[in-house]
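The sequence shown begins at 751 in the numbering used here and counts up one residue at a time.
To start, the structure under review is shown below, and the notes come after it.
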Amino acid sequence: MSTPIVLGIHAYIHDSGACLISPDCFVAITEERLSRIKYDASFPRKSIEYVLHAAGLKDINDVDLVVFDLFEKQGEITHAGLRYLGYRGEVVSIKHHDSHAASAYFISPFKDAAVLIVDGAGSRGFESPPGNPVHYLDKSAGRMQEVQSIYRATDGEIQLIRRTYTTSKYPMGIGFLYGVSSEFLGFNKLEGGKLMGLAAYGNAGDYPFPNPLFTNFSGEMLIEYDHEALAREDYDVMSGAIFCGIPQRKAGEPITAGHEAVARYVQDQTEEAMLVLAKNLYEITRCENICLSGGVALNGIANKRILDETPFERIFIQPAANDSGNALGCALYGYHIVRGVKERRVMRDAFLGQRYDIFNIQKMLKATPQIEFSRPNNLLRVVAEEIASGKIVGWFEGCCETGPRALGHRSILADPRNKDMKDMLNRKVKHREPFRPYAPAVLEEFAAEYFDFSCSSPFMLMIGYAKAGKAEEIPAVVHVDGSARIQTVNAEGGRFRHLISEFRSLTGVPMVVNTSFNVSGEPIVETPENALMCFLNTEMDLLVIEDFLVNKK
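Okay, structure coming up:
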């Protein structure tokens, strides 16, 4: 049997997208990058066209198999969307958490691994295929959505151990609490990173919050409240039942000490609950390797604590651990489980997009009267000098990153030594909340010199803490509590690594500020046109697109 061409899609829920896997191609994109609608939840038609084009396919019927994940009741309309595109081949639907599990394991470096999935909500109980072990604590309740699933993966096979479902009596898991707490604090439910950033300012000990909040049901962590209102996200009830009467913050309202304390409390409870889940999973599997996925796997503090405080020796978290990676997971599930392909790829970088033609880029730049551009032979040295002089640089090269983090192909770069840089980025470019930190991209061999950090973190999913005396050297990338969300750049880091090396040769500092190439409320740029428009509409100083250095006239 020939090796298949498999299309994975994630549709009609936030972060919709597509991924295509064949022997010669591995490409993925989220719809928001193409539609420019943040968290786009539509049918991912643009994404499907994108991955087909990147793979050199002319028609969707060149695909052997389409796999999508179930969420709520969108299965029927996803089938309808595929029929509208004219697809006549095989279609398989899978559980939302099975998609996460496939995305976590099949591109990991591990032959044998425990797999932990924790997110807000996944497929419903009635969507469970026959034979799957389902565990929920109140079988009479109607609201059942998977929130925690654990697996053992060995030799290319994934075995489900247990799913945990919420019910009306046990209305929240870890991810659901984090999402609704983010909304309680005036942010979008999908903006947990804002809650994590705000938590560094809070003191949960100032309030008599319930402790512990989660009940441990033999390794399953759920909030035990007999309140339908919690499941319906009634924030007045949540304020009284959990948050000591602290009122909900509406978007744009001032952030109070109470709101900071709520953020700290939710973060603390999340970390402790994740440790319970991980330790329980180790006791079941006795495996030294763990793979994480689901939205909570973006919580870098919890991830690092799992590595440091549980018996697991090694950890893998792919960069699109939230729902932006479900299309990837669906494609991997179809490729390896449905079609039985044994050969696996190990994800060594996150760059799963397509490249853009250099001649078309030059043509676009020539047609833009507001700019001037050059193609210097010593581009990296010039850019490093500009960053060292205080300039803010948009950096666009190669294929885009999959997932919500910019990792050196769609980035905005700056000098970590500049104590005013965080405020400058917020004011001149990003237009985001002042309490949110910026991340360092650091040469991997120097990470332990600056941070209490000895592991690899290529996808910016681990938190470290600045060593004594180091925070003063790199104030732009150290948060108020001394933490930093670290991206380590190894020897395979390509031109981005060479740029950081040039910056180090000029300054002695082996890192740069790295933040996503976008402004608040918009997706990360995908195309050269997106990058140029963002550059022109902000106060960025310079733009690099591939080999071109762009200035505003």
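A virtual CB, placed ideally from N, CA and C, is assigned to each residue, including glycine.
Taking all protein chains in view, the Cβ of E826 is surrounded by fewer than 16 other Cβ atoms within 10 Å, so the residue is classified as exposed.
In the three-state reduction of the DSSP assignment, I1142 falls in the coil class. Boundaries of the alpha helix (DSSP H) harbouring C1080: N1076 to Y1083, taken from the DSSP string.
Within the segment 1223–1259, complete alpha helix (DSSP H) segments of at least 4 residues are found at 1244–1257, given in chain order.
At least 8 Å separates the beta-carbon of G1050 from that of A1071. Contact annotation: T916 and F926 have beta-carbon atoms nearer than 8 Å. Secondary structure of S772 (DSSP, three-state): strand. By the Cβ-count criterion, G952 is buried, with 16 or more other Cβ atoms from all chains shown falling within 10 Å of its own Cβ. Counting along the chain, N966 sits inside the beta strand (DSSP E) bounded by residues T965 to F967. A Cβ-Cβ separation of about 5 Å places V777 in contact with L770 under the 8 Å criterion.
As the crow flies, the alpha-carbon of P962 is around 39 Å from that of G1158. Beta-carbon to beta-carbon, S873 and H847 are separated by about 7 Å, close enough to satisfy the 8 Å threshold. Shown here for S989: same chain residues with a beta carbon closer than 8 Å to its own, the five before and five after excluded, namely F934, G995, I996, P997 and Q998 in chain order. If you draw a straight line from the Cα of E1010 to the Cα of G947, it comes to about 10 Å. Using a Cβ distance threshold of 8 Å, G942 and L1048 count as a contacting pair. Considering only P1273, P1061 and F1285, the residue with the shortest C-alpha distance to D790 is P1273. C1205 is positioned such that its CB atom lies closer than 8 Å to that of L1057. When the beta-carbon positions are compared, A1189 and N1264 come within less than 8 Å of each other. Counting of Cβ neighbours within 10 angstroms places G1090 among the exposed residues, the total staying below 16.
The Cβ atoms of Y901 and V865 lie closer than 8 Å to each other. Annotation: R1167 is outside any alpha helix (DSSP H) and is labelled neither H nor E by DSSP. Around the beta carbon of I787, fewer than 16 other beta carbons lie within 10 angstroms, which makes this residue exposed.
Taking 8 Å as the upper bound for CB-CB distance, A1138 and L1256 are in contact here, some 5 Å apart. V1133 is a Cβ neighbour of L1249, given a cutoff of 8 Å.
The residues D1165 and N1168, in chain order, have a CB closer than 7 Å to that of G1140 in the same chain once the five nearest residues on each side in sequence are set aside. Taken through DSSP and simplified to helix, strand or coil, K1029 comes out as helix.
A distance below 8 Å between beta-carbons, with the five flanking residues on each side excluded, links P960 to the following residues of its chain, in chain order: I992.
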